[in-house]
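In what follows, a structure is listed as structure tokens, so that the remarks can point back to it.
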Amino acid sequence: MQTGWSNETLREIFPAIWDGFIVVLQVTLVAGIIAIVVGLLVAIGERNGPAWLRRPLSLVFQFIRNTPLLVQVLIVWTATSLYINPDWSAFAVGSTVLGLHYASYTSESYRAGIDAIPKGQWEAATALNLPSHRVWGAIVLPQMARRSAAAVGNWIIAMFKEVPTLFIIGVMEMIAEARAFQGQHYTGAVEGYTLAGLLFLAASYPVAVAMRRLENRLAKSNF
Amino acid sequence: MDKSFGDLKVLDELSFRVDPGERVTLIGPSGSGKTTILRLLMTLETVTPKADPEADGGVVWVEGRPYSHMEKKGRLVPANEKWLRQRRSRVGMVFQQFNLFPNMKVLRNVTEAQVHVAGRSKEEAEAKALSLLDLVGLADKTGEYPSRLSGGQQQRVAIARALAMDPDILLLDEVTSALDPELVADVLAVLRDVAATTSITMLCVTHEMGFARDVSDRVMMFDSGRIVEQGPPEAMFSEPQEARTQDFLRAVLAE
Amino acid sequence: MDFQAVIESLPRYGEPLLVTVGVTVASAALALVLAFGLGLMTGSRHLAVRTPARVFVEFFRGSSVVVQLFWFAFAMPVVLGIQFDYLIVAGIIALGFNYGAYSSEVVRGAIAAVPKGQLEAATALNLTPLQKLRLVVLPQAWPEMIPSLCAFAIMLLKASALVSVIGVLDITWLAGLLGKQPGQDRLLHYAVVLVIYFVLAWLIWTGMRALERRAKRGLGIEAKVQKGRLAPAVAAGGVD
Ligand SMILES: Nc1ncnc2c1ncn2[C@@H]1O[C@H](COP(=O)(O)OP(=O)(O)O)[C@@H](O)[C@H]1O
Ligand SMILES: [Mg+2]
Numbered sequence: 001m002q003t004g005w006s007n008e009t010l011r012e013i014f015p016a017i018w019d020g021f022i023v024v025l026q027v028t029l030v031a032g033i034i035a036i037v038v039g040l041l042v043a044i045g046e047r048n049g050p051a052w053l054r055r056p057l058s059l060v061f062q063f064i065r066n067t068p069l070l071v072q073v074l075i076v077w078t079a080t081s082l083y084i085n086p087d088w089s090a091f092a093v094g095s096t097v098l099g100l101h102y103a104s105y106t107s108e109s110y111r112a113g114i115d116a117i118p119k120g121q122w123e124a125a126t127a128l129n130l131p132s133h134r135v136w137g138a139i140v141l142p143q144m145a146r147r148s149a150a151a152v153g154n155w156i157i158a159m160f161k162e163v164p165t166l167f168i169i170g171v172m173e174m175i176a177e178a179r180a181f182q183g184q185h186y187t188g189a190v191e192g193y194t195l196a197g198l199l200f201l202a203a204s205y206p207v208a209v210a211m212r213r214l215e216n217r218l219a220k221s222n223f
Numbered sequence: 001m002d003k004s005f006g007d008l009k010v011l012d013e014l015s016f017r018v019d020p021g022e023r024v025t026l027i028g029p030s031g032s033g034k035t036t037i038l039r040l041l042m043t044l045e046t047v048t049p050k051a052d053p054e055a056d057g058g059v060v061w062v063e064g065r066p067y068s069h070m071e072k073k074g075r076l077v078p079a080n081e082k083w084l085r086q087r088r089s090r091v092g093m094v095f096q097q098f099n100l101f102p103n104m105k106v107l108r109n110v111t112e113a114q115v116h117v118a119g120r121s122k123e124e125a126e127a128k129a130l131s132l133l134d135l136v137g138l139a140d141k142t143g144e145y146p147s148r149l150s151g152g153q154q155q156r157v158a159i160a161r162a163l164a165m166d167p168d169i170l171l172l173d174e175v176t177s178a179l180d181p182e183l184v185a186d187v188l189a190v191l192r193d194v195a196a197t198t199s200i201t202m203l204c205v206t207h208e209m210g211f212a213r214d215v216s217d218r219v220m221m222f223d224s225g226r227i228v229e230q231g232p233p234e235a236m237f238s239e240p241q242e243a244r245t246q247d248f249l250r251a252v253l254a255e
Numbered sequence: 001m002d003f004q005a006v007i008e009s010l011p012r013y014g015e016p017l018l019v020t021v022g023v024t025v026a027s028a029a030l031a032l033v034l035a036f037g038l039g040l041m042t043g044s045r046h047l048a049v050r051t052p053a054r055v056f057v058e059f060f061r062g063s064s065v066v067v068q069l070f071w072f073a074f075a076m077p078v079v080l081g082i083q084f085d086y087l088i089v090a091g092i093i094a095l096g097f098n099y100g101a102y103s104s105e106v107v108r109g110a111i112a113a114v115p116k117g118q119l120e121a122a123t124a125l126n127l128t129p130l131q132k133l134r135l136v137v138l139p140q141a142w143p144e145m146i147p148s149l150c151a152f153a154i155m156l157l158k159a160s161a162l163v164s165v166i167g168v169l170d171i172t173w174l175a176g177l178l179g180k181q182p183g184q185d186r187l188l189h190y191a192v193v194l195v196i197y198f199v200l201a202w203l204i205w206t207g208m209r210a211l212e213r214r215a216k217r218g219l220g221i222e223a224k225v226q227k228g229r230l231a232p233a234v235a236a237g238g239v240d
């Protein structure tokens, strides 16, 4: 049983935790793209999709948003590995579930960005008889992007910090690495979890500060 | 006294005295520092200290005792919160934007400070509040939230709230300028009533010249943080001496 | 799929459900206390008050709640040389600290949004600083906080599932356990707990809406009718 901090252990565990950190970044990249793209599709679908799709889409994503990521990861992993394809990797499945979970949040930020566009913009577009893809592509999305960018960015940071949840299906991020190390050496809990926490802090704090700057700048610019 | 906001010098070597029970009206163009004077007297702002610490001045005195400052080892230093709390109980203020507490019904707006600051019993505070609300013509609105009242009604509640604390000095900052024209008369009537039935010292910023003429003992004309001219209302309004006063009065009366 | 086995084992969810609710309520209570304490401190004029609170908030918001959970459960006992009799305590501390730090920003923001004129009127009536806070500022700031605090309460409920991985016997843990037993369908058990969580989230949301309506009525305002969706009311920047 371990008794306190050991620099020796820290040196030994560092490479493993660092590997885990790289995996966290990789998951964030994949899941982040999913969250950004799917969230946008959901926001547009909920507003302008075919009538039969809007209600179910909204319900499904409300359900995703209001239930734990951990259980979602477990249920999808069980389904894919038992019934669909046992060869799919935990990384792929985990990143997809994480991305979809956060798409349920980003879609709300996109929606708020769309709702904030003055009604006159839509009316002007109608008055000009613009086709729907021009209305969205040239008028709505550019204005929305400005309004939603900071909020979506903040959700991505939040998502980044939730990546360790995926250890439960064996994605080798920092928690999984720390546990594996402990399994071999019967030590390293203090060093491993402390290091993991500090790496998160070091990575997310500067991004969060940059995000706040962006937010302020976008709030000031009138377009 | 001096008052600066950053590099902007708002009050410049200003000095004046007001006698007990006197009614003084402050007039002058927007930005001339009238609000700042009242806020200084309410201790919502502090006087900007002189560059030369030995220089005399920059201190507000009330009833012969320092008010914005306190004595410490024979010197006057800026007052701390404890001193201010003791001294400012003599002063009340009514704001341009009423500033009623939206989370309290009308009656509680008027009783709250009576109970928590003046230490009166709830019954005593309510009795006083009811008689004041009656005075301002709102005895039937005691159970309403401020958000349900018109601006004029809110301002009359604010006057009752200030009077409930029995101030010796009442500061009124453009109390009618946020109101729709048809609501102004009611509020001014209440203030005329207060002026006629009490001996409270009043400092009043207003653009209502008729009211100023009827109520005040003295009118002070301000510009750029200095007193341009002052005197009894009849003299000031009928034969102002200074060109700036003449221009200002012409502009206001032309409205 | 074997629905029969799942339905028969439903009563076994009773006790773990109490654990899930208990963890959520206890850590929400801790978070709320911290949120008000830290929110007042980070909004203070005095640097000596502001700085430690700011550091605490940035520290817990800046890192991962999952890692914090493992840290409080398995690293802190080693560092302090103590032993948790119940790991549930570690879970409550981790969740409470993390969401307390997030929610303190809601409290600070709502307090800062109370109009300056309100404080000036309170000064003109000679209220003490504490009276201003208690009688004027907090009653006005509170209704503004409720929607965001509700969003965090739901996030906290979701995060409470994580305590199952440090060995607390909540509903997520039970679903995993039952799902492994012969004759049981693991997918169905996970589906059951998802529905339970959704219902709990809906209860929080409904309760908070009622609370908000009441608080707004205490300001003489009718709360505007919102669309019936469980949306995050967290303002942009609230979750970074
Ligand atoms: N808090 C403040 N910060 C900076 N400038 C201020 C502030 N308050 C007032 N001022 C400036 O001080 C000057 C006098 O303002 P004020 O006393 O409100 O004038 P009045 O009430 O006569 O219109 C104005 O130029 C105003 O812009
Ligand atoms: Mg003014």
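Chains as they are written, first to last, in the UniProt record's numbering: chain H, 1 to 223; chain P, 1 to 255; chain W, 1 to 240. All residues carry an ideal CB built from backbone N, CA and C; glycine is no exception. Every value quoted in this text rests on a predicted model; they were computed, and no experiment measured them.
Note to self: DSSP three-state label for P/Q230, please.
What the structure shows: If you number the second sequence from 1, residue 230 of chain P lands on position 230. Residue state, collapsed to three classes: strand.
Margin query: At a threshold of 7 Å, does P/V252 count as lining ligand 2 (C-beta to nearest heavy atom)?
Written below: Walking along the second sequence from the start, residue 252 of chain P turns up at place 252. P/V252: no, Cβ never under 7 Å from ligand 2.
Item checked: Whole-angstrom C-beta distance between H/V97 and H/Q72, which should lie under 8 Å -> Position 72 of the first sequence, counting from 1, holds the residue named residue 72 of chain H. Position 97 of the first sequence, counting from 1, holds the residue named residue 97 of chain H. The Cβ separation is near 5 Å, so the contact holds.
Next item on the list: Select from H/R55, H/A149 and H/G192 the residue whose C-alpha is nearest the C-alpha of H/A208.
Entry: As a working note, residue 208 of chain H is residue 208 in the first sequence. Closest by alpha carbon: H/A149.
Margin query: From the DSSP secondary-structure annotation, give me the bridge partner or partners of P/G210.
Written below: As a working mapping, residue 210 of chain P is identified with position 210 in the second sequence. Looking at the DSSP assignment, P/G210 forms no beta bridge with any residue, so it has no partner.
Item checked: Integer-rounded CB distance, given that P/L11 should sit under 8 Å from P/G33 -> The residue labelled residue 33 of chain P in the question sits at position 33 within the second sequence. The residue labelled residue 11 of chain P in the question sits at position 11 within the second sequence. About 5 Å; that satisfies the 8 Å criterion.
Notebook entry, point to check: Thinking C-alpha only, which one of P/E45, P/D217, P/F101 and P/G143 is nearest residue 257 of chain P?
Noted result: Within the shown structure, residues of chain P are numbered from 1 to 255, placing residue 257 of chain P beyond reach of any answer.
Check: Just to confirm, does P/T35 get its C-beta within under 7 Å of one of the non-hydrogen atoms of ligand 1?
Finding: In the second sequence, counting from the first residue as 1, residue 35 of chain P sits at position 35. For ligand 1, at least one heavy atom lies less than 7 Å from the Cβ of P/T35.
Next item on the list: Give a yes or no on whether the minimum CB-CB distance between H/T80 and chain W is below 8 Å.
Entry: By 1-based counting over the first sequence, the position of residue 80 of chain H is 80. Chain W, which has no Cβ nearer than 8 Å to the Cβ of H/T80, makes this no.
Checklist line | Element boundaries [beta strand (DSSP E), containing P/S30] | finding: Within the second sequence, numbered from 1, the residue matching residue 30 of chain P stands at position 30. From DSSP, P/S30 is part of no beta strand (DSSP E); its letter is neither H nor E.
Notebook entry, point to check: Counting only beta-carbon atoms, is residue 262 of chain P nearer than 8 Å to chain W?
Noted result: Outside the displayed range of chain P (1 to 255) lies residue 262 of chain P, so it cannot be described from this structure.
Note to self: Buried or exposed, going by whether 16 or more other CB atoms sit within 10 Å of the CB of W/F60?
What the structure shows: Along the third sequence, read from residue 1 onward, the residue named residue 60 of chain W stands at position 60. Burial call: buried.
Check: What is the rounded straight-line gap between the Cα of W/Q68 and the Cα of H/I168?
Finding: Residue 68 of chain W sits at position 68 when you count from the first residue of the third sequence. Residue 168 of chain H sits at position 168 when you count from the first residue of the first sequence. Rounded to whole angstroms, W/Q68 to H/I168 spans 16 Å at the Cα level.
Notebook entry, point to check: With C-beta atoms as the reference, is H/T106 less than 8 Å away from H/A210?
Noted result: Looking up residue 106 of chain H in the first sequence gives position 106. Looking up residue 210 of chain H in the first sequence gives position 210. It is not a contact, given that the beta carbons lie outside the stated cut-off.
Check: What did DSSP end up calling P/F95 once you bin it into helix, strand or coil?
Finding: Your numbering for residue 95 of chain P matches position 95 in the second sequence. Note: P/F95 maps to coil in three-state DSSP.
Notebook entry, point to check: Is the shortest distance between the beta-carbon of residue 266 of chain W and the beta-carbons of chain H less than 8 Å?
Noted result: There is no way to answer for residue 266 of chain W, as the model of chain W reaches only from 1 to 240.
Check: Can you list the residues of chain W that P/Y101 reaches, using a CB-CB cut of under 9 Å?
Finding: Numbered from 1 along the second sequence, position 101 holds the residue referred to as residue 101 of chain P. At residue 101 of chain P the sequence reads Phe, which differs from the Tyr that was named. Simply Q118, A121, A122, L135, V136, P139 and Q140.
Next item on the list: To the nearest angstrom, report how far apart W/W71 and W/A48 are at their CA atoms.
Entry: Numbered from its first residue, the third sequence carries residue 71 of chain W at position 71. Numbered from its first residue, the third sequence carries residue 48 of chain W at position 48. When rounded, the distance between both Cα atoms is 28 Å.
Next item on the list: Run down chain W in chain order and give the residues with a C-beta less than 9 Å from the C-beta of P/R88.
Entry: Within the second sequence, numbered from 1, the residue matching residue 88 of chain P stands at position 88. Here the neighbours are T123, A124 and N126.
Note to self: Beta-carbon within less than 7 Å of P/H69's beta-carbon, same chain only, minus the 5 sequence neighbours each way: which residues are those?
What the structure shows: Taking the second sequence and counting its residues from 1, the one referred to as residue 69 of chain P is at position 69. Cβ within range, chain order: V59, L76, V77, P78 and A79.
Check: Relative to the alpha-carbon of H/A114, which residue among H/A90, H/L70, H/A145 and H/R217 has its alpha-carbon at the smallest distance?
Finding: Start at 1 with the first residue of the first sequence, and residue 114 of chain H comes out as number 114. Looking at the sequence provided, one finds Ile at residue 114 of chain H rather than Ala. It is H/A145.
Margin query: By alpha-carbon positions, which one of H/E173, H/R147 and H/L166 ends up nearest to H/L218?
Written below: Residue 218 of chain H sits at position 218 when you count from the first residue of the first sequence. Of H/E173, H/R147 and H/L166, the residue nearest in Cα terms is H/R147.
Notebook entry, point to check: In terms of DSSP beta bridges, what is P/L11 paired with?
Noted result: On the second sequence, position 11 is the one that residue 11 of chain P refers to. In DSSP, P/L11 forms a bridge with P/K3.
Next item on the list: Just confirm the distance between the C-beta atoms of P/R23 and P/S216, as a whole number of angstroms; I'd bet it's less than 8 Å.
Entry: As a working mapping, residue 23 of chain P is identified with position 23 in the second sequence. As a working mapping, residue 216 of chain P is identified with position 216 in the second sequence. Rounded, the Cβ-Cβ distance is 5 Å, consistent with contact.
Check: Who pairs with P/P78 in a beta bridge, going by DSSP?
Finding: Position 78 of the second sequence, counted from the first residue, corresponds to residue 78 of chain P. According to DSSP, which records beta bridges pairwise, P/P78 is partnered with P/H69.
Check: Just to check, is the beta-carbon of P/F16 closer than 7 Å to a non-hydrogen atom of ligand 4?
Finding: Ligands in the displayed structure: ligand 1 and ligand 2; ligand 4 is not one of them.
Notebook entry, point to check: In whole angstroms, what separates the C-alpha of W/W142 from that of W/A5?
Noted result: Position 142 of the third sequence holds residue 142 of chain W. Position 5 of the third sequence holds residue 5 of chain W. Approximately 47 Å between the Cα atoms of the pair.
Note to self: I'd like to check one pair, P/T25 with P/C204: are the Cβ atoms closer than 8 Å?
What the structure shows: Looking up residue 204 of chain P in the second sequence gives position 204. Looking up residue 25 of chain P in the second sequence gives position 25. Yes; because the gap between Cβ atoms is below 8 Å, this pair is in contact.
Next item on the list: Answer with buried or exposed for W/Q83, where buried requires no fewer than 16 other C-beta atoms within 10 angstroms of its C-beta.
Entry: Walking along the third sequence from the start, residue 83 of chain W turns up at place 83. Result: exposed.
Note to self: Going by DSSP in three states, H/I13 sits in which element: helix, strand or coil?
What the structure shows: The residue you call residue 13 of chain H lines up with position 13 of the first sequence. Helix at H/I13.
Notebook entry, point to check: Counting along the chain, where does the beta strand (DSSP E) carrying P/R218 start and finish?
Noted result: For the purposes of this step, residue 218 of chain P is identified with residue 218 of the second sequence, where counting begins at 1. R218 to D223 is the extent of the beta strand (DSSP E) around P/R218.
Notebook entry, point to check: In whole angstroms, what separates the C-alpha of H/E215 from that of H/A103?
Noted result: As a working note, residue 215 of chain H is residue 215 in the first sequence. As a working note, residue 103 of chain H is residue 103 in the first sequence. Going by the C-alpha atoms only, they are around 20 Å apart.
Next item on the list: Report the neighbours of W/Q131 on chain P: residues whose CB is nearer than 8 Å to its CB, in chain order.
Entry: Locating residue 131 of chain W in the third sequence gives position 131, where the first residue counts as 1. Within 8 Å Cβ-Cβ: H116 and V117.
Check: Can you tell me whether DSSP reads W/I196 as helix, strand or coil?
Finding: As a first step, residue 196 of chain W is located in the third sequence; it is residue number 196 there, counting from the start. Residue state, collapsed to three classes: helix.
Margin query: Tell me the residue span of the beta strand (DSSP E) that contains P/M202.
Written below: Numbered from its first residue, the second sequence carries residue 202 of chain P at position 202. Looking at the DSSP string, the run of the beta strand (DSSP E) that includes P/M202 is T201 to V205.
Next item on the list: Have a look at W/F152, W/A161 and W/I88 and flag the residue whose alpha-carbon is nearest the alpha-carbon of W/N98.
Entry: By one-based count along the third sequence, residue 98 of chain W stands at place 98. Per the Cα distances, W/F152.
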